[in-house]
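Undergrad: So that you can map any letter, position 343 of the sequence shown is 345 in UniProt numbering, and since no number is skipped, the others follow by simple counting.
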Amino acid sequence: FKVTLVSTSPIDGQKPGTSGLRKKVKVFKQPNYLENFVQATFNALTPEKVKGATLVVSGDGRYYSKDAVQIIIKMAAANGVRRVWVGKNTLMSTPAVSAVIRERSGADGSKATGAFILTASHNPGGPTEDFGIKYNMENGGPAPESITDKIYENTKTIKEYPIAEDLPNVDISAVGVTSFEGPEGKFDVEVFDSADDYVKLMKSIFDFESIRKLLSSPQFTFCYDALHGVAGAYAHRIFVEELGAQESALLNCVPKEDFGGGHPDPNLTYAKELVARMGLSKSDTGGEPPEFGAAADGDADRNMILGKRFFVTPSDSVAIIAANAIEAIPYFSSGLKGVARSMPTSAALDVVAKSLNLKFFEVPTGWKFFGNLMDAGMCSVCGEESFGTGSDHIREKDGIWAVLAWMSILAHKNKDSIDGDTKLVTVEDIVRQHWATYGRHYYTRYDYENVDAGKAKELMEHLVELQSSIPEVNKIVKGIRSDVANVSSADEFEYKDPVDGSISKHQGIRYLFEDGSRLVFRLSGTGSEGATIRLYIEQYEKDASKIERESQEALSPLVDIALKLSKMEEFTGRSAPTVIT
Ligand code: VG1
Ligand code: CO
């Protein structure tokens, strides 16, 4: 193939957000839009990560992925990349990409040093919906801010990019290697099924035999909903073939370019079918719900964990996994190096860390901040309130890992009773037992999606301004509800990375109450249009007689305060959030 140099000019708005660049497909389809961003990324990397390197290019298979893969292959070839690894039909979950970078060796011993992940995660897909791209580094984790800042700077000055225009499109539906000869030598594209690598990794972490036994018990029933995301490409292999679950346990497990028209976000609002099956919706499906249910997002890095008629908050989930990991999961049997959560995630994990005497870290929202801690051997288990849970087996959150972690805990708790007629220890039992031991963190998140960006900014500014006088804040708070604790401090969260010393500012506005309650306000960094305001509300209850309340009811005084303090309706014109999780 030949290399052509195409001249281009900068395009506005290519700043990567919390997890890469996410825009409407029609934006990505503009001339040079994808090309500029890809070249800006190549130019942000050190030369040896490009010339002669091995790169992974794949994603959740959403609409436009097939075109994008071919463009990136041609640009990689022209930039002197030695080989590109592609998942069959462009499919590779975000955690699988991370695993492939870390674990996979090519036939000649080659290792990948980075990846372009093509996904907009939990955002809907299709011609009128979202596409996205992000770059992951040699450790398998998302590019740190130092790199994403450089990428953004490069998008503002880009003048040209090289591309191998005459390189024929590679058939990505067939496994195998295609070789080309370019000006700088050989260039290979290898298409493979990443499920093999991923299954192998999961088997090295969990005791599949004990999970198999759990699944074979007639008392234990299970349901997994991939919401037509890429998790479906792994679910059959793992849950049915390896662990013996019934085919009927899999819902929406055929990956689709448009996620079947749905919103591939595993929460109580969007995972409707699963929620109904689990007996958690008004339109109950009738039959007896399964004992355990779980769902994934588009790129399979998120998870929702459900018991029969029971919802596990993601903040509780990571705390419960951390509390049980050493006993229930072989990978952790020698101990946890530390645990970490994102700032808005509830403090349930903090309580576990304290009681087990574990190192603990609070980082800004977004998985990229956990990677440094893990690389430095300081963190084993981490999670976010946004249905993300994971460990240092890779450098991304991992939806299927979380399900296997819960299955392992269930298997462990039931190891003596599974064959007999002792009553099954359920998901709900495990959570209630956890609350009884550690106290309960009532928690909810209100999302105001697609609000006017200017108004959202004003609301945030208003909240920052208020923070200059805590007595004034308390006067307002007491005027709204006299039955809540005082606000003891308020700030904008700032993080200093303990490994590299880098500082991330403006990571969310916090109001901290004397009794441990918190209100947090953030603007989302993953939307593709307008602004999304996220409001996180949390209240800690240690008193065992008060841990059984209904969450929205327990939190209603704090919700009231948050809405009035922020003048939510005044600024946004919204009387209710779009989504409550
Ligand atoms: C959201 C979540 C954050 C998560 C991020 C990426 O970001 O809040 O916790 O890490 O999505 O998840 P934001 O900036 O919109 O609040 V995913 O599954 O999109 O890779
Ligand atoms: Co995701």
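Using N, Cα and C, we set each Cβ at its ideal position, and we do this for glycine too.
On a predicted model such as this, the values are computed, not experimentally measured, just so you know.
Using a Cβ-based criterion (distance less than 7 Å to any ligand heavy atom), does Gly-300 qualify as near the ligand CO?
TA: Answer for Gly-300: yes, Cβ within range of the ligand CO.
Undergrad: So, with DSSP's three-state summary, where would you put Arg-104?
TA: Residue state, collapsed to three classes: helix.
Undergrad: How many whole angstroms separate the CB atoms of Ala-117 and Arg-24, which I take to be in contact at a CB cut-off of 8 Å?
TA: Not really, about 17 Å apart at Cβ, beyond 8 Å.
Undergrad: Following a CB-centred definition, is Ser-344 positioned closer than 7 Å to any heavy atom of the ligand VG1?
TA: Flag set: Cβ of Ser-344 near the ligand VG1.
Undergrad: So, for Val-256: in the same chain, excluding its five sequence neighbours on each side, which residues have a beta-carbon less than 6 Å away from its beta-carbon?
TA: Within the same chain, Val-256 has close Cβ partners Gly-234.
Undergrad: Considering Cα atoms alone, identify which of Asp-14, Leu-216, Lys-76, Thr-223 is closest to Tyr-163.
TA: With distances taken between Cα atoms, Tyr-163 lies closest to Lys-76.
Undergrad: The beta strand (DSSP E) spanning His-443 covers which residue range?
TA: First-last of the beta strand (DSSP E) with His-443: 442-453.
Undergrad: Does the Cβ of Thr-424 have 16 or more other Cβ atoms within 10 Å, making it buried, or fewer, making it exposed?
TA: It is exposed - the Cβ of Thr-424 has fewer than 16 other Cβ atoms within 10 Å.
Undergrad: Can you tell me the Cβ-Cβ gap for Phe-30 and Phe-133, rounded? I've got them flagged as a contact below 8 Å.
TA: Confirmed, about 5 Å.
Undergrad: With burial defined as no fewer than 16 other Cβ atoms inside 10 Å of the residue's Cβ, what is the status of His-508: buried or exposed?
TA: Under this definition His-508 is an exposed residue.
Undergrad: Could you name the residues of the same chain whose beta carbon sits closer than 7 Å to that of Gly-492, not counting the 5 residues immediately before and after it, in chain order?
TA: The sequence shown places Ala at residue 492, not Gly. Excluding positions up to five away in sequence, the list reads Gln-469, Ile-472, Val-475, Arg-512, Tyr-513, Leu-514.
Undergrad: For Arg-483, which of Val-433, Leu-557, Thr-428 has the nearest alpha-carbon?
TA: The candidate whose alpha carbon is nearest that of Arg-483 is Leu-557.
Undergrad: How many angstroms separate the CA atom of Gly-529 from the CA atom of Val-179?
TA: About 36 Å.
Undergrad: Compute the Euclidean distance between the alpha carbons of Leu-47 and Thr-92, then round it to the nearest angstrom.
TA: Each residue's Cα considered, the two are about 23 Å apart.
Undergrad: The beta strand (DSSP E) with Arg-24 in it runs from where to where?
TA: Unbroken beta strand (DSSP E) run through Arg-24: 23-26.
Undergrad: Pull up the distance between the alpha-carbon of Ile-505 and that of Lys-28, whole angstroms please.
TA: One C-alpha to the other measures close to 35 Å.
Undergrad: What's the C-alpha gap between Met-409 and Asp-318?
TA: Going from the Cα of Met-409 to the Cα of Asp-318 covers about 16 Å.
Undergrad: Looking only at C-alpha atoms, which of Lys-113, Val-71, Glu-329, Lys-17 sits nearest to Glu-50?
TA: Closest option to Glu-50, Cα to Cα, is Lys-113.
Undergrad: Under 8 Å, do Glu-463 and Pro-97 count as touching if we go by C-beta distance?
TA: Contact: no.
Undergrad: Out of Ala-413, Glu-555, Arg-520, state which residue places its alpha-carbon closest to the alpha-carbon of Phe-210.
TA: For the residues Ala-413, Glu-555, Arg-520, the minimum Cα distance to Phe-210 belongs to Ala-413.
Undergrad: Quick check on Ser-212: buried or exposed, where buried means 16 or more other Cβ atoms within 10 Å of its Cβ?
TA: By the 10 Å Cβ count, Ser-212 comes out buried.
Undergrad: Measure how close the beta-carbons of Phe-3 and Leu-169 come, nearest whole angstrom, since I'm counting them as under 8 Å.
TA: Phe-3 to Leu-169, Cβ: 4 Å. Contact.
Undergrad: For His-395, which of Ser-344, Tyr-333, Ser-419, Lys-417 has the nearest alpha-carbon?
TA: Ranking Ser-344, Tyr-333, Ser-419, Lys-417 by Cα distance to His-395 puts Tyr-333 first.
Undergrad: For Met-306, which residues does DSSP report across the bridge?
TA: Met-306 is bridged to Ala-297.
Undergrad: Measure the CB-CB distance between Cys-225 and Leu-245 and report whether it falls below 8 Å.
TA: Contact flag unset, no.
Undergrad: Compute the distance between the beta-carbons of Ala-404 and Ile-307, then report whether it is under 8 Å.
TA: Cβ atoms of Ala-404 and Ile-307: closer than 8 Å.
Undergrad: Is there at least one Cβ from chain C nearer than 8 Å to His-443's Cβ?
TA: Absence of chain C from the displayed structure is noted, only one protein chain being present.
Undergrad: Can you look up Arg-524 in the DSSP assignment and give me helix, strand or coil?
TA: In the structure shown, Arg-524 sits in a strand (DSSP, three-state: E or B).
Undergrad: Could you check what DSSP says for Arg-279 in three-state terms: helix, strand or coil?
TA: It is helical.
Undergrad: Answer yes or no: the CB of His-230 versus the heavy atoms of the ligand CO, is any distance below 7 Å?
TA: No, Cβ of His-230 sits at least 7 Å from all heavy atoms of the ligand CO.
Undergrad: State buried or exposed for Ile-103, treating a residue as buried only when at least 16 other CB atoms are found within 10 Å of its CB.
TA: Classification of Ile-103: buried, given that the 10 Å Cβ count is 16 or more.
Undergrad: When the Cα atoms are used, what is the spatial distance from Met-280 to Thr-223?
TA: For Met-280 and Thr-223, the distance between alpha carbons rounds to 11 Å.
Undergrad: Using only the alpha-carbon positions, how far apart do Leu-560 and Lys-90 sit?
TA: Straight-line Cα distance between these residues: approximately 48 Å.
Undergrad: In the structure shown, what three-state DSSP assignment does Tyr-65 receive?
TA: Coil.
Undergrad: Beta-carbon separation of Pro-185 and Gly-231 under 8 Å?
TA: Cβ atoms of Pro-185 and Gly-231: not closer than 8 Å.
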